[in-house]
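Taking our numbering, the leading residue of the sequence shown gets 5, the next gets one more, and so forth.
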Amino acid sequence: MLGRSQGSPLVRMYSGSGYPRSTQIIFTEDDAYNTAQFRDDPMVITLEEIQIRKGDPTKVVKIRGALDREVRGNLVKVLEEYNDIFAWSHDEMPGIPLNLAVHRLAVDATFKPVKQKRRHFNAKQNPAVHEEVDKLLKARCIRESCYPEWITNVVMVTKANGKWRMCVDYTDLNRACPKDSFPLPKIDQLIDSIVGNKLLSFMDAFLGYNQIMMHPADQDKTSFITRQGLYCYKVMLFGLKNAGA
């Protein structure tokens with residue numbers, strides 16, 4: 005049995021009723037579903053935007069549009085009361101305290117550190133590198149690095165919209181780090197565990213990896229080089245051996 009859900013699949017919070025085990029919820033942005041035909045379909049789940057921070061219409065979350073009046077009222081009240089735990093920008097994202105979670109690099113001491121020479125980019129790529137570095141500095145995701153033993157280069161990748169994405173090539177560093185084969189939870193077991201619940205919420209962690217801090221002793225190991233200088237990450241990032249995309 006399939007159910008279509010109107011609205012963006014990248015919602016920060018979605019709440020709905022419990023469904024039978026055989027039910028699958030499909031999120032879609034297709035405008036074809038925004039018609040009377042599908043609005044009247046009981047299998048279509050509409051989403052409603054709720055402003056949870058007074059005075060700021062940009063601070064919204066999405067809930068199911070057909071909730072019971074009492075359930076909706078209680079849910080909106082809770083969201084408004086705890087609106088400060090939601091983040092819409094880096095400035096509102098304090099990060100997870102080091103005593104709760106921190107990312108460490110288990111670098112094998114038998115590997116010799118590698119210092120790559122700076123890679124040169126063309127006139128179109130250089131401004132994109134500069135812009136990304138400035139953005140990461142303002143977001144407090146990186147800092148300047150002094151005398152690092154490991155130095156790697158950035159790689160510029162073309163995105164679908166024609167713009168540039170800056171990545172860091174940690175091939176050398178990753179070779180020196182063992183893989184952590186931590187068991188992940190099984191999706192089917194997670195789905196089974198929610199059967200029968202009347203209310204179900206999904207939360208999208210804002211820049212999830214970046215909320216976990218890099219251990220201070222390992223930050224310099226993530227150093228990368230650009231024509232602006234040397235920088236290292238203060239937060240966990242995609243591309244490390246045990247932080248895959």
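No residue lacks a Cβ here, since even glycine has one placed at the ideal position from N, Cα and C.
Just so you know, these numbers come straight off a predicted model, no measurement behind them.
Residues near residue i by beta carbon distance below 8 Å, same chain, minus five either side
| i | result |
| --- | --- |
| Arg169 | Met160, Val161, Thr162 and Lys163 |
| Gln129 | Met160 and Trp168 |
| Lys63 | Gln55, Ile56, Arg57, Asn87, Phe90 and Trp92 |
Inter-residue spacing [alpha-carbon to alpha-carbon] between residue i and residue j
| i | j | result |
| --- | --- | --- |
| Lys245 | Pro182 | 8 Å |
| Val137 | Arg123 | 15 Å |
| Cys171 | Lys202 | 42 Å |
| Pro131 | Ile229 | 15 Å |
| Asp158 | Asn165 | Per the sequence presented here, residue 158 reads as Val, with Asp not at that position. Taking the straight line from one Cα to the other gives about 20 Å. |
| Phe31 | Ser197 | For Phe31, the predicted model reports a pLDDT of 39, less than 50, meaning its position is unreliable; a value from the coordinates is still stated below. Roughly 21 Å between the two C-alpha positions. |
| Phe125 | Lys167 | 15 Å |
| Gly59 | Lys121 | 50 Å |
| Glu74 | Glu52 | 16 Å |
| Ala180 | Met240 | 17 Å |
| Phe206 | Leu194 | 13 Å |
| Phe242 | Tyr174 | 10 Å |
| Val65 | Tyr151 | 44 Å |
| Ala247 | Asp184 | 10 Å |
| Leu71 | Pro187 | 36 Å |
| Leu204 | Lys190 | 18 Å |
| Pro61 | Arg76 | 19 Å |
| Ala127 | Glu96 | 34 Å |
| Asp192 | Ile67 | 24 Å |
Nearest-angstrom beta carbon gap, residue j and residue i [assumed within contact, 8 Å]
| i | j | result |
| --- | --- | --- |
| Ile146 | Tyr235 | 5 Å |
| Asn78 | Arg57 | Incorrect: roughly 18 Å between the Cβ atoms, too far for contact. |
Nonlocal neighbours in the same chain, by C-beta distance under 7 Å from residue i, ignoring five residues either side
| i | result |
| --- | --- |
| Asp222 | Arg108 and Leu109 |
| Ser149 | Asp224, Ser227, Leu234, Tyr235 and Cys236 |
| His134 | Gln232 |
| Phe238 | For the sequence presented, residue 238 should be read as Lys rather than Phe. Once the five neighbours on either side are set aside, the close Cβ partners of Lys238 are Arg144, Cys145, Ile146, Arg147, Met217, Met218 and Gln223. |
| Gly69 | Thr50, Leu51 and Glu52 |
| Val111 | Ala180, Cys181 and Lys225 |
Beta-carbon contacts of residue i that lie in its chain and below 6 Å, excluding the five residues immediately before and after
| i | result |
| --- | --- |
| His94 | Ala143 |
| Leu177 | Trp154 |
| Lys119 | Ile155 |
| Ile100 | Gln215 and Ile216 |
| Gln41 | Low confidence applies to Gln41: its pLDDT is 48, below 50, so where it sits in the model is not reliable, and the reading given next is rough at best. Nothing listed; no residue qualifies. |
CB contact check: residue i to chain C, cutoff 9 Å
| i | result |
| --- | --- |
| Glu148 | Absence of chain C from the displayed structure is noted, only one protein chain being present. |
Taking contact to mean at least 3 C-beta pairs separated by less than 8 Å, is the region 73-83 in contact with the region 217-229?
no
Could you say if the region 107-122 and the region 201-212 meet the contact criterion of at least three C-beta pairs nearer than 8 Å?
no
State whether the region 140-153 contacts the region 100-108, with contact taken as three or more CB pairs (one from each stretch) at a distance under 8 Å.
no
If you scan the region 154-234 from start to end, which runs of the beta strand (DSSP E) of 3 or more residues do you find wholly inside it?
156-162, 168-172, 204-207 and 228-230
Scan the region 41-110 and note each continuous alpha helix (DSSP H) run of 4 residues or more that stays entirely inside, going in chain order.
73-85
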